[in-house]
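Residues in the sequence shown are numbered consecutively from -15, following our numbering.
Cβ coordinates follow ideal geometry from the N, Cα and C atoms, glycine included.
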Amino acid sequence: MNKILIFDLDDTLIDDSYKFEIGFCDCIKTVITAMEGRSPQIDEILQKARDLDNEKLASWTDKDKYLPKRVGMSWIETYEHFSKLKNIPIKSHIRRLLWSQVMMIWDPPYIVMPGVIETLIELKKRGYPLHVLTIGHPIIQSRKLKLTELSKFFD
-15 MNKILIFDLD DTLIDDSYKF EIGFCDCIKT VITAMEGRSP QIDEILQKAR
35 DLDNEKLASW TDKDKYLPKR VGMSWIETYE HFSKLKNIPI KSHIRRLLWS
85 QVMMIWDPPY IVMPGVIETL IELKKRGYPL HVLTIGHPII QSRKLKLTEL
135 SKFFD
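Written out as C-alpha cells, the structure reads:
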C-alpha cells in the first residue's frame, strides 16, 4: 500500500505564531495610544478583539473566514468599540494604522520550524509523496512555500 504524507503549513512547517503576537501587541499599543489617556486595560482590549474575531469565525463562510481581512476588521472594530465607549472620535488614520499592523502579520519573513527541512529531505529519500493541506488563503500559502523554498519538497 502506498502512503502519502500530508502536512499542515502554519505552525507545523512554518512558525507563524510569533508574528501574530507581535502584530497584536502593536495593535494593542495603537488602541491604547488612541484612547488619549482613557484606555481600558490591555486584557480588556485583547478580549474584545478575540470576541469580535470569534464571532466572525463562527459567522463568516469558510471561503472568507481565513483571510487576513477577518483579523484586520476585528482590530478596527475593537478600536471603534472603545472609542465609542470613551466618547473619543473615531479617526481614519488609526483605522488605517491598525489595518496595516495586522496585514504585516502575513508578510515575509517566514521562518521554517526547526528540523523540518531535514525531515522532509529524509522522507523524500524514502520515496514518500508529500503534500500540504492548509485552510490559509492559497496565494499567501503558496508565497510562504516559495519564499522558504519548501515548495520543492511537495508534489
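What residue from the options has the CA that sits closest to residue i's CA?
i: I29; options: P52, E20, R54, W59; result: W59
i: T14; options: V86, Y112, D91; result: V86
i: P122; options: P73, K47, L134, G56; result: K47
i: R80; options: M57, P93, I72, P92; result: M57
i: Y112; options: L131, K49, F138; result: F138
i: P93; options: I(-2), N(-14), I(-12); result: I(-2)
i: K128; options: K(-13), I(-12), T(-4); result: T(-4)
i: L26; options: C9, E39, D37; result: The sequence given here has Ile at residue 26, not Leu. When only C-alpha atoms are compared, the closest one is C9.
i: R22; options: Y63, M88, L51, T45; result: Y63
i: E133; options: N38, K109, M97, W44; result: M97
i: W83; options: K136, P52, K(-13), K109; result: P52
i: D0; options: I89, I74, S76, K109; result: I89
Kindly identify the DSSP beta-bridge partner or partners of residue i.
i: V96; result: I(-2)
i: I(-10); result: H115
Does any heavy atom of the ligand ADP sit closer than 7 angstroms to the C-beta of residue i?
i: F66; result: Among the ligands in the structure shown, none appear at all, so the ligand ADP cannot be discussed.
Measure the alpha-carbon distance for residue i versus residue j and round it to whole angstroms.
i: A42; j: K49; result: 8 angstroms
i: R54; j: Q125; result: 17 angstroms
i: K130; j: I72; result: 44 angstroms
i: I105; j: K3; result: 27 angstroms
i: I95; j: L107; result: 20 angstroms
i: D91; j: N38; result: 23 angstroms
i: N(-14); j: E5; result: 40 angstroms
i: P24; j: T45; result: 32 angstroms
i: C11; j: K109; result: 44 angstroms
Three or more C-beta pairs below 8 angstroms linking the segment 115 to 124 and the segment -9 to 3: yes
query: Counting Cβ pairs closer than 8 angstroms, one from the segment 64 to 72 and one from the segment 18 to 35, do we hit at least three?
result: yes
message: I'd like to know if the segment 28 to 42 and the segment 92 to 104 are in contact, where contact means that at least 3 CB-CB pairs between them fall below 8 angstroms.
response: no
message: Just to confirm the assignment: which complete beta strand (DSSP E) runs, minimum length 3, are found wholly within the segment 17 to 47?
response: none
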